[in-house]
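Report on one structure; see the data block that follows.
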Amino acid sequence: MAILTFPDDLLPSGAMFGLQSNTESFTSPLNRATQTVERPGALWRARLTFSTLSEPQQRRLKALLAALNGMAGRLYLWPHGTPAAAIVAARPELAGAAAPQVNGALSDFRLLPSRSWPAATLVLRAGEFIAAGGELKLVTADVTSDAAGLAQIPVAPPFRRAPADRSSIALDKPKALMRPASDTWEFVSTAAWRHETFAVDFIEVPA
Numbered sequence: 001m002a003i004l005t006f007p008d009d010l011l012p013s014g015a016m017f018g019l020q021s022n023t024e025s026f027t028s029p030l031n032r033a034t035q036t037v038e039r040p041g042a043l044w045r046a047r048l049t050f051s052t053l054s055e056p057q058q059r060r061l062k063a064l065l066a067a068l069n070g071m072a073g074r075l076y077l078w079p080h081g082t083p084a085a086a087i088v089a090a091r092p093e094l095a096g097a098a099a100p101q102v103n104g105a106l107s108d109f110r111l112l113p114s115r116s117w118p119a120a121t122l123v124l125r126a127g128e129f130i131a132a133g134g135e136l137k138l139v140t141a142d143v144t145s146d147a148a149g150l151a152q153i154p155v156a157p158p159f160r161r162a163p164a165d166r167s168s169i170a171l172d173k174p175k176a177l178m179r180p181a182s183d184t185w186e187f188v189s190t191a192a193w194r195h196e197t198f199a200v201d202f203i204e205v206p207a
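Residue numbers for the sequence shown follow this note's numbering, so the first one is 1 and each next one is one higher.
Spelled out as structure tokens, the structure:
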């Protein structure tokens, strides 16, 4: 089945984008002390809510969901809570600059080495999303490039596999590969092509 991309012009009235971590807790039977172990496999989850769609938009959304065929389908989805091109728009000094790239190998999968930034510039802020190596990441601290345009980007969750050296880092609408969280969807329409509030849940598919 072909991988689809969620249309940019079908904007939800509300968007939830969150992280489901993968941990396990152990409690001592002697003193009830608890130890928690972090495991690989954290997944992004999303819920898109639609309250006002035109007739053509309703048709396109229903067609997209039907084409996905429940949890068997795959699509690329970007965090709709982040406006398109928000990073570049917030920092005009990035406009027209070369696209940032991965710089060498990762020694720490929570830290992405990068290059091709404007020199000595605040290039990313904590809470912004990026994508590299086919994985969506959240920047966990402000990032300022050095005089050579290099920067170390702290991210969460950790990379599952290292992105290739010199591969691109997406800033505008960075996407995750996701699938519907359920095999069932229902769309209730009323007169004059109005519709009840409608939500769709998605969960990341590890590449």
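For each residue, glycine too, the CB sits at the ideal point set by N, CA and C.
In the DSSP assignment, Ala132 falls within the unbroken beta strand (DSSP E) covering Phe129 to Ala132. Annotated three-state conformation of Ala170 is strand, per DSSP.
When DSSP reads this structure, Leu124 sits in a beta bridge with Val143. Looking only at Ile203, Gly73, Pro174 and Ser21, the smallest Cα-Cα distance to Ile3 is reached by Gly73.
The C-beta distance from Pro174 to Ile203 rounds to 17 Å, too long to meet the 8 Å contact threshold. The closest CA to that of Thr23, considering only Pro12, Asp8 and Thr36, is found on Thr36. Assigned with DSSP and collapsed to three states, Lys137 falls in strand. Listed as beta-bridge partners of Leu43 by DSSP are Gln20. Minimum Cα-Cα distance from Ala99 among the listed residues Gly14, Ile169, Met178 and Ala181 corresponds to Ile169.
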